[in-house]
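**Student:** Sharing a structure with you now.
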Amino acid sequence: MADESTSDRVLREVKAELAGTPYSFESARLLSGGTTNFIFHVKLLVPLLDGTAEVAVKHGEGFVAQSPDFKLTTSRCRIEESCLKDLSALSPHASENTTVSTPNLFYFNEETNTQVQAYQPSPLSLKNYAIEYFAVSTLETPTLESVKSLSLKIGTAVGAWLRSFHDWSNSEQQLKFRDIAAGNKEMQTLKRWMNYERLPSSITRFPNILGDCKNIFADIVDSVKEEMVNEQALQVIHGDFWTGNILLEGKPWDDEHNRLLVVDWEMCQLAVKPLDLGQMIAELYELKLYKDMEAGVWLIQGFVNGYGAVDDDFAFRTLLHVAVHLIGFGTTVQGWGTQDQARTVATEGRDILKNAWAKNRGFFEQHPLGCIFS
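Quick note on the UniProt record's numbering: the sequence shown kicks off at 1 and runs consecutively.
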């Protein structure tokens, strides 16, 4: 994790940079959600003309904020800036009392990699929101039903927004946006390495569970390499579409209006659409696997319903990515659960992977993730 002196240095430089601009501020609070970048909650000295008084200031360095030894290109910051500018043309998804959109970008300095974005008040990621408000194991049945209804509603809104983004960004009218994603080669390579090329190394962590997966892992890695060869066949994706990048306001659900923000566009790239769905579904499923929260499954049901119909090949590719994410990420996140639970997640990932790879639809007929099949 970046030491305090690093974040202090970044804050000092950012404050000096924004002094004399409409975004000048006296003090700022480092937000805990920033893994790769330094993100501060700022109260402006003078509200903007539209009344905005609080913003998020995001600053990127040539390394991962929480792992300074992990070097990372700052070109990711320019990718995000370009994406957010173009995404302002994508209409928010609106349903009943819920909107899903991307944050407004107020300011970007290419030389310093500093952004000013719209701020979600008291932000909680979807992951943390669910843990705080949807853990209903000790609650009464009526409350359980209300959580189910709300989980389905939120999942549906997020899924519908993702479908609209995929359709919009891959349309003939958005070739400029496609060019932005196509230029993000370094993040594309990083994502493939993190998800697939290092998959065989997971055998050493769980030899008794994954020991017989050596050949199938190798086949999957080869398949993904082949999948990426023809750039014309690839699609624009968010690239890091998980529960940590959906921000809600940290308060009980409002009957009148709730705004969800889809953040962190640095990984936007060309790949295949099922990667966005698979990553989100895996993270939601971990709520069930680690926390025994039925809300995780309900959120998934809403999510796939909101995204809409897909064919079987799309569904199996999504499930394959769910499995890869469970094995590669779901078993390594600190603080999620016990080592025994991690082994359970590895086992579940293995079983999903084998059956998704074999396109064995029968396995998923009674499985919680079978809802992905239209």
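C-beta: ideal position from N, C-alpha, C; glycine also.
Can you check which of these residues, Lys127, Val147, Asn215 and Asp276, is closest to Leu287 by C-alpha distance?
**Tutor:** Indexing the sequence shown from 1 puts residue 287 at position 287. Residue Lys127 is the option with its Cα nearest to Leu287.
**Student:** Sorted by chain position, which residues of the same chain lie with C-beta nearer than 6 Å to Tyr290's C-beta, five sequence neighbours on each side aside?
**Tutor:** Position 290 of the sequence shown holds residue 290. Cβ within range, chain order: Trp336, Gly337 and Gln341.
**Student:** Based on DSSP bridge pairs, tell me the residues matched to Ala94.
**Tutor:** Within the sequence shown, residue 94 is the residue found at index 94, counting from 1. DSSP, once it has assigned bridges, lists Thr99 as partnering Ala94.
**Student:** Could you give the DSSP three-state label for Ala309: helix, strand or coil?
**Tutor:** The count along the sequence shown starts at 1 and reaches residue 309 at position 309. The answer is coil: DSSP assigns Ala309 none of H, G, I, E or B.
**Student:** Using DSSP bridges, identify the partner residues of Asn109.
**Tutor:** For the purposes of this step, residue 109 is identified with residue 109 of the sequence shown, where counting begins at 1. DSSP output for Asn109 lists Thr114 as bridge partner(s).
**Student:** Below 7 Å CB to CB, which residues in the same chain sit around Gly330 once its five sequence neighbours on both sides are set aside?
**Tutor:** To locate residue 330, count along the sequence shown from 1; it is residue 330. Within the same chain, Cβ atoms closer than 7 Å to the Cβ of Gly330 are found at Ala282, Glu286, Val345 and Gly349, the five residues on either side in sequence being excluded.
**Student:** Measuring alpha carbon to alpha carbon, tell me which residue in Gln173, Ala181 and Thr114 is nearest Val55.
**Tutor:** In the sequence shown, counting from the first residue as 1, residue 55 sits at position 55. Nearest C-alpha to Val55: Thr114.
**Student:** Taking the alpha-carbon of Ser125 as reference, which of Gly60, Thr35, Ser374 and Val42 has the nearest alpha-carbon?
**Tutor:** For the purposes of this step, residue 125 is taken as residue 125 along the sequence shown, with counting starting at 1. Measuring from the Cα of Ser125, the nearest candidate turns out to be Thr35.
**Student:** Are Gln279 and Phe241 close, meaning C-beta to C-beta below 8 Å?
**Tutor:** Here residue 279 refers to the residue found at position 279 when the sequence shown is read from its first residue. Here residue 241 refers to the residue found at position 241 when the sequence shown is read from its first residue. Yes; because the gap between Cβ atoms is below 8 Å, this pair is in contact.
**Student:** Name the two residues that bound the continuous beta strand (DSSP E) containing Val229.
**Tutor:** As a working mapping, residue 229 is identified with position 229 in the sequence shown. Note, Val229: premise wrong, no beta strand (DSSP E); not H, not E.
**Student:** Mark Leu175 as exposed unless 16 or more other C-beta atoms lie within 10 angstroms of its C-beta, in which case mark it buried.
**Tutor:** Walking along the sequence shown from the start, residue 175 turns up at place 175. Exposed.
**Student:** Where do the N-terminal and C-terminal ends of the alpha helix (DSSP H) with Ile281 fall, by residue?
**Tutor:** The residue you call residue 281 lines up with position 281 of the sequence shown. Taken as a continuous stretch (DSSP letters only), the alpha helix (DSSP H) holding Ile281 covers Pro274 to Lys291.
**Student:** Over what stretch of residues does the beta strand (DSSP E) that includes Ala28 continue unbroken?
**Tutor:** Counting from one through the sequence shown, the residue named residue 28 turns up at place 28. Start and end: Phe25 to Leu30.
**Student:** For the candidate residues Asp292, Ala218 and Phe314, whose alpha-carbon lies nearest to that of Ala130?
**Tutor:** Along the sequence shown, read from residue 1 onward, the residue named residue 130 stands at position 130. Among Asp292, Ala218 and Phe314, the Cα nearest to that of Ala130 is on Asp292.
**Student:** In angstroms with no decimal places, state the Cα-to-Cα distance between Ile180 and Lys214.
**Tutor:** Residue numbering aside, residue 180 sits at position 180 when the sequence shown is read from its first letter. Residue numbering aside, residue 214 sits at position 214 when the sequence shown is read from its first letter. Computed Cα separation, rounded: 36 Å.
**Student:** Please say whether Val64 and Val116 have beta carbons closer to each other than 8 Å?
**Tutor:** Position 116 of the sequence shown, counted from the first residue, corresponds to residue 116. Position 64 of the sequence shown, counted from the first residue, corresponds to residue 64. Val116 places its beta carbon 8 Å or farther from that of Val64.
**Student:** Decide if the segment 300-309 is in contact with the segment 149-163; the criterion is three or more beta carbon pairs, one per stretch, under 8 Å apart.
**Tutor:** Taking 8 Å as the limit for Cβ pairs, the verdict is that the segment 149-163 does touch the segment 300-309.
**Student:** Let me check understanding here. Comparing Cα to Cα, which of Ser32, Ser27 and Gly60 lies closest to Leu45?
**Tutor:** As a position in the sequence shown, residue 45 is number 45, starting the count at 1. When each option's Cα is compared against that of Leu45, the closest is Ser27.
**Student:** Quick one: give me the first and last residue of the beta strand (DSSP E) that Ser82 is part of.
**Tutor:** Residue 82 sits at position 82 when you count from the first residue of the sequence shown. Not the beta strand (DSSP E): Ser82 falls in the alpha helix (DSSP H), residues Ser75 to Leu87.
**Student:** Can you tell me which of the three DSSP states His257 falls into?
**Tutor:** Here residue 257 refers to the residue found at position 257 of the sequence shown. His257: coil per DSSP, three-state reduction.
**Student:** Counting only C-beta atoms, is Ile220 closer than 8 Å to chain C at any point?
**Tutor:** In the structure shown, chain C cannot be found, because there is only a single protein chain.
**Student:** Buried or exposed, going by whether 16 or more other CB atoms sit within 10 Å of the CB of Arg192?
**Tutor:** For the purposes of this step, residue 192 is identified with residue 192 of the sequence shown, where counting begins at 1. Residue environment: Arg192 is assigned as buried (16 or more neighbouring CB atoms within 10 Å of its CB, all protein chains considered).
**Student:** How is Phe314 classed by DSSP in three states: helix, strand or coil?
**Tutor:** If you number the sequence shown from 1, residue 314 lands on position 314. If DSSP states are grouped into helix, strand and coil, Phe314 belongs with the helices.
**Student:** Is Ala16 helix, strand or coil by DSSP?
**Tutor:** As a first step, residue 16 is located in the sequence shown; it is residue number 16 there, counting from the start. Helix at Ala16.
**Student:** Leaving out five residues before and five after Pro92 in sequence, what residues of the same chain have Cβ atoms less than 7 Å from its Cβ?
**Tutor:** Taking the sequence shown and counting its residues from 1, one reaches residue 92 at position 92. Contacts found: Thr99, Val100 and Ser101.
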